[in-house]
Each structure stands twice: as structure tokens, then as C-alpha cells.
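Notes follow once the structure below has been shown.
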Amino acid sequence: MSYALDTPYSNQVVFLNSQNSVYKSVDGQGEYQYNFQTPIQLPTNCQMLISVTDAQLPNIMPNVNSTNNKISFFIPTFSKNFTIELRDDDGNTDNVYNVNEFLAFVNSRILLEASNQFTLYGEFKSTMSKIKWFSNFPFQIIDTPNYPTTCIDLLGFKKGIHNQVVYESSEVLLSSVLNPTYHITMPSCVNFTGTRFIFVKFKNISVNNLNSIGITDNAMVRIDNNAPFGYMIFYRPSEVQRFIIRKQTINTITFSLTDTQGKELNIFSNDAMITLKIEYMYKPEMRSHEEGTINYELRKLGEIPMTKEAIQGAYNPETNQFIRE
């Protein structure tokens, strides 16, 4: 939607450099807060328009974190349940893996769990872009409260038409087949690309954008993650979207970076830059751009024709006319 920028007030550009933020979350979250020494004030009888004109941030977001780093197995022959959790020795869960690194970690942990009782390992089949699991005993991939599997999108588990994970039976995601060895081929291709889009969401500025389920979540822009890992993502929209915000004064701005699932992204201690543009327009329902101001009333008085009738009559400010007595 286009707006008529019909005021004499100049635009304001706000460069939100995370190096100058008074609060920057670096522990698994991407939230930034800025406090302004000089507040942004809305002029009289105007509306404030806000837009994001560009952004720069590093593509270092982890594709494996605490929400998708677990896979659980059950070996019926030995009545053994166990969960493999991808976690560093120092407890960190936010990392970037490719499929081979992921499988190398999981296979090494399975070997410890097996204790020479059984063999279970995963291989990446590049011709199919799928993972295939092998064992010398029947096995299952399970998802229970005590033994969860959360790496659904990473490894390619099956989903239904309503985007729900498909279970073979209660708490069993997949079961092995014998042909000629016990194995499981994942239904879908692996996906280690991480988040495809990054959303900038302001926490103290409301905008009327909707997400894909029709909920207003204050996401102002969507940034394409179109840079290789370790490079900078540069965002400059072909068409800048302006939003009317209902604020008289802006003293603080807080925004977060989220993925397509609405989860906050971690760029660790690195910095991001987002440029805001503040513009003004008169309220369209006002009869005059300056109605209600002293200058407006004085100008109305100066426009009164000084005729004999005007001098003798009573002035009606609603009609800007004199009423003859």
C-alpha cells in the first residue's frame, strides 16, 4: 500500500547496530534491545510509518540445537531403550552439522550403548539423499516421553497431509525390516540446510502481518537466508513495506530474529545491523492538516472578510462565517 507523505517533517533513519544495544542475548537466543537518548516523537495530527530498509547479519545460525538433537532406539531382543543426544563435552547443543558429521556422532554413541551386544549404525545414501540404518537384530526408532526423537526434519521422518509426524504405532516411528539384514530406510530426504528464512520481529511495535496460520506475530520482514554458512546475509527489499504504528513516542526498540518455526535464532556473540526508516503523514480524516493548532485558528481569523455585516454579526467558528443579528 502506498502512503502520501504530505508533511513538512523530514524522515528519520535509525541504524540499529547490535554493538550499541543495551541488551543482546547470546545464549541460544537472538534478542536485541536499544534505548534512545533522544526519543522519536510523533508530530501533531500525524501518523508514524515504520519500515525496514536493509539488514546485514552473519549466517552462522546452528542447524542442530536443543529442539532437534535427539534420536531414540529400542532393541526388543535385549529390551533396551536408549537416546542419543547431540551435545558437546562442554554441554553446548547449538552446532552446525552436515549429514556425515551427524551420523559419525550418533554411530559413535550407539557403539557405546551396544556394549558388544548388538550392532546398529546409520549410513548416508547419496544417490537417494536418505539415511539407512542397519542392525543385526530387530530395532525401532521410538518417540516416548522418556526416550524422545526430535530430529524429525533433519533425518526425514514421514509426515502426513496435515504436517503431522506419522507413527507406525503408539510411540513407534519406524520399525526395521529383514531383507537380508534388519534395516530402516528413512522415508524422506535429509535436510541439514537450517532455517531457510529469517524473520525480524519487534516486541514493542505492533504490525498487522500474519504468519501462515493466520496469527499476528509482529514479524515485520522476512529475510532470505541466501548466503553460504559463515558468510554475511545482505537484505535489501525490492519494495519497502511501510506500517502505521500507534505510538506517540518511541524510547525503546526491541527485536528478535526467529526461524520459520518462530524459534529465536542464535548468532552467538556476533553482530547484526538493521536499518529502520521513520516517516510521517497527516491523518487522512482531518479536515485540515493543522486543525487544532494555534496557527490554524489564527489563519482562520485572518481570512474573515471585514465587511459591515462581519463587524456587526456574530462569528461561528464551525462554519467560518458571521451570523447576522
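All letters in the sequence shown, in the order written, are residues 229 to 553 by the working numbering.
C-beta atoms are modelled at their ideal positions from N, C-alpha and C, and glycine is treated no differently.
Whole-angstrom distance between residue 360 and residue 299, CA atom to CA atom | Residue numbering aside, residue 299 sits at position 71 when the sequence shown is read from its first letter. Residue numbering aside, residue 360 sits at position 132 when the sequence shown is read from its first letter. Spanning the two alpha carbons is a distance of roughly 14 Å.
Please specify which runs of the beta strand (DSSP E), each continuous and at least 3 residues long, are wholly inside the stretch 417 to 450, giving them in chain order.
-> Whole beta strand (DSSP E) segments, 3+ residues: 425 to 430.
Run the CB neighbour count on residue 507, radius 10 Å, all protein chains shown included, and call it buried at 16 or more, exposed below.
-> The residue labelled residue 507 in the question sits at position 279 within the sequence shown. Its Cβ being crowded by 16 or more others within 10 Å, residue 507 is buried.
Do residue 470 and residue 278 have their C-beta atoms within less than 9 Å of each other?
-> Here the question's residue 470 lines up with position 242 in the sequence shown. Here the question's residue 278 lines up with position 50 in the sequence shown. In this structure, residue 278 lies closer than 9 Å to residue 470 by Cβ.
Assigned exposure category for residue 560 - 16 Cβ within 10 Å defines buried | Because the chain here runs from 229 to 553, residue 560 falls outside it and cannot be looked at.
With distances taken from CA atoms, which of 354, 324, 310 is nearest residue 337?
-> On the sequence shown, position 109 is the one that residue 337 refers to. Of the listed residues, the one whose Cα sits closest to residue 337 is 310.
Could you check where the beta strand (DSSP E) with residue 263 kicks off and where it finishes?
-> Residue 263 sits at position 35 when you count from the first residue of the sequence shown. Start and end: 259 to 269.
Separation of residue 430 from residue 481, as counted between CA atoms | Against the sequence shown, residue 481 aligns to sequence position 253. Against the sequence shown, residue 430 aligns to sequence position 202. Looking at the two C-alpha atoms, the distance is approximately 7 Å.
Anticipated Cβ contact below 8 Å, residue 575 with residue 388, distance rounded = With the chain running from 229 to 553 in the structure shown, residue 575 is simply not present.
Three-state class that DSSP yields for residue 314 in the structure shown | In the sequence shown, counting from the first residue as 1, residue 314 sits at position 86. Coil.
Buried versus exposed call for residue 293 [16 or more other C-beta atoms within 10 Å across all chains shown] | Working through the sequence shown from its first residue, we reach residue 293 at position 65. It counts as buried.
In its own chain, which residues sit with a C-beta less than 7 Å from the C-beta of residue 438, not counting the 5 before and 5 after it?
-> The residue given as residue 438 occupies position 210 in the sequence shown. Result list for residue 438: 444, in chain order.
Between the beta-carbon of residue 400 and the beta-carbon of residue 426, is there less than 9 Å?
-> As a first step, residue 400 must be located in the sequence shown, where it is residue number 172. As a first step, residue 426 must be located in the sequence shown, where it is residue number 198. Pairing residue 400 with residue 426 gives a Cβ-Cβ distance that is not under 9 Å.
Quick one: using the 10 Å Cβ neighbour count with 16 as the cut-off for buried, is residue 276 buried or exposed?
-> For the purposes of this step, residue 276 is taken as residue 48 along the sequence shown, with counting starting at 1. Buried: at least 16 other Cβ atoms inside 10 Å.
Would you say the stretch 399 to 413 touches the stretch 312 to 320, given that touching needs at least three Cβ pairs under 8 Å?
-> Contact between the stretch 399 to 413 and the stretch 312 to 320 is absent, because fewer than three Cβ pairs lie under 8 Å.
Under a three-way DSSP split, which group does residue 381 fall into?
-> Indexing the sequence shown from 1 puts residue 381 at position 153. In the three-state reduction of the DSSP assignment, residue 381 falls in the helix class, which pools H, G and I.
Tell me whether residue 422 is buried or exposed, calling it buried when 16 or more other Cβ atoms sit within 10 Å of its Cβ.
-> What you label residue 422 is simply residue 194 of the sequence shown in a count that begins at 1. Answer is buried; the Cβ neighbour count reaches 16.
As assigned by DSSP and simplified to three states, the class of residue 329 = The residue given as residue 329 occupies position 101 in the sequence shown. In the structure shown, residue 329 sits in a helix (DSSP, three-state: H, G or I).
Evaluate contact between the stretch 239 to 251 and the stretch 447 to 459, counting only Cβ atoms and requiring at least three cross-stretch pairs below 8 Å.
-> Remark: fewer than three beta-carbon pairs, one from each stretch, lie closer than 8 Å, so the stretch 239 to 251 and the stretch 447 to 459 are not flagged as touching.
What is the rounded straight-line gap between the Cα of residue 264 and the Cα of residue 479?
-> The residue given as residue 264 occupies position 36 in the sequence shown. The residue given as residue 479 occupies position 251 in the sequence shown. A straight line joining the alpha-carbon of residue 264 with that of residue 479 spans about 5 Å.
For residue 341, I'd like the list of residues in its chain whose CB is within less than 6 Å of its CB, leaving aside the five on either flank, ordered along the chain.
-> As a working note, residue 341 is residue 113 in the sequence shown. The beta carbon of residue 341 lies closer than 6 Å to those of 310 in the same chain, with the five residues before and after it left out.
Whole-angstrom distance between residue 490 and residue 374, CA atom to CA atom = Start at 1 with the first residue of the sequence shown, and residue 374 comes out as number 146. Start at 1 with the first residue of the sequence shown, and residue 490 comes out as number 262. Approximately 25 Å between the Cα atoms of the pair.
Pull up the distance between the alpha-carbon of residue 500 and that of residue 391, whole angstroms please.
-> Residue numbering aside, residue 500 sits at position 272 when the sequence shown is read from its first letter. Residue numbering aside, residue 391 sits at position 163 when the sequence shown is read from its first letter. Here the C-alpha atom of residue 500 lies approximately 33 Å from the C-alpha atom of residue 391.
Cα-Cα separation between residue 488 and residue 453, rounded to whole angstroms | Taking the first residue of the sequence shown as 1, we reach residue 488 at position 260. Taking the first residue of the sequence shown as 1, we reach residue 453 at position 225. Using only the alpha carbons, I get a separation of about 11 Å.
Local Cβ density within 10 Å of residue 356, reported as buried at 16 or more and exposed below that | Indexing the sequence shown from 1 puts residue 356 at position 128. Per the 10 Å Cβ criterion, exposed.
Taking the CB atoms as reference points, tell me whether residue 237 and residue 274 lie closer together than 9 Å.
-> For this step, residue 237 is matched to residue 9 along the sequence shown. For this step, residue 274 is matched to residue 46 along the sequence shown. In contact: residue 237 and residue 274 (Cβ atoms closer than 9 Å).
Once you ignore the five residues that flank residue 335 on each side, which residues in its own chain have a CB closer than 8 Å to its CB?
-> Translated into positions along the sequence shown, residue 335 becomes position 107. Within the same chain, Cβ atoms closer than 8 Å to the Cβ of residue 335 are found at 349, 350, the five residues on either side in sequence being excluded.
Just to confirm, are residue 365 and residue 306 a CB contact at a threshold of 9 Å?
-> By 1-based counting over the sequence shown, the position of residue 365 is 137. By 1-based counting over the sequence shown, the position of residue 306 is 78. Residue 306 is positioned such that its CB atom lies closer than 9 Å to that of residue 365.
State the DSSP-derived secondary structure class of residue 570, mapped to helix, strand or coil.
-> Look at the range of the chain in this structure, 229 to 553, and you will see that residue 570 is not part of it.
Which one or two residues does DSSP pair with residue 309 in a beta bridge?
-> In the sequence shown, residue 309 corresponds to position 81, counting from 1. 302.
Terminal residues of the beta strand (DSSP E) in which residue 411 lies | Locating residue 411 in the sequence shown gives position 183, counting from the first residue. Unbroken beta strand (DSSP E) run through residue 411: 410 to 413.
Counterpart residues of residue 477 in DSSP-defined beta bridges = Your numbering for residue 477 matches position 249 in the sequence shown. In the DSSP assignment, the residues bridged to residue 477 are 269.
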